[in-house]
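A.B. asks: Here you go, one structure.
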């Protein structure tokens, strides 16, 4: 899947079941983040470690794919 399809699929899951525990390391451009949860805010989907919040649009495609597999294909 491409980024936009992954992002939309993840958003749809979060609309049904929000605040999903993922416990995984996600990556962006030259950084990584140990995410604990994924959730839908007012306008966007975010990952958080409970202290920091990152929009999923900032994640690389591999991280989006792993999140998708964890929450959609379980």
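Numbering (the UniProt record's numbering), first residue to last: 1 to 74. Even glycine gets a Cβ: it sits at the ideal position worked out from N, Cα and C.
Which runs of the beta strand (DSSP E) at least 3 residues long sit entirely within the stretch 5 to 34? Give them in chain order.
C.D. replies: As far as the stretch 5 to 34 is concerned, its whole beta strand (DSSP E) runs of at least 3 residues are 20 to 27.
A.B. asks: Counting only the same chain and skipping the five closest in sequence on each side, list residues whose C-beta sits under 8 angstroms from that of residue 68.
C.D. replies: In the chain shown, the residue the question calls residue 68 occupies position 68. Closer than 8 angstroms at Cβ, skipping near neighbours: 1, 6, 9, 10.
A.B. asks: For residue 68, name the three-state secondary structure that DSSP assigns.
C.D. replies: Within the chain shown, the letter at position 68 stands for residue 68. Three-state result, residue 68: helix.
A.B. asks: Quick check on residue 64: buried or exposed, where buried means 16 or more other Cβ atoms within 10 Å of its Cβ?
C.D. replies: As a position in the chain shown, residue 64 is number 64, starting the count at 1. When all chains shown are included, residue 64 counts as buried.
A.B. asks: Can you pull the DSSP bridge partners for residue 55?
C.D. replies: On the chain shown, residue 55 is found 55 positions in, with the first residue counted as 1. Note: residue 55 sits in a beta bridge opposite 46.
A.B. asks: I'd like to confirm the pairing. Which residues does DSSP put opposite residue 40 in its beta bridges?
C.D. replies: For the purposes of this step, residue 40 is taken as the residue at position 40 of the chain shown. 45, per the DSSP bridge assignment.
A.B. asks: Give the single residue among 18, 4, 23, 73 whose Cα lies nearest to the Cα of residue 42.
C.D. replies: Numbered from 1 along the chain shown, position 42 holds the residue referred to as residue 42. Of 18, 4, 23, 73, the residue nearest in Cα terms is 18.
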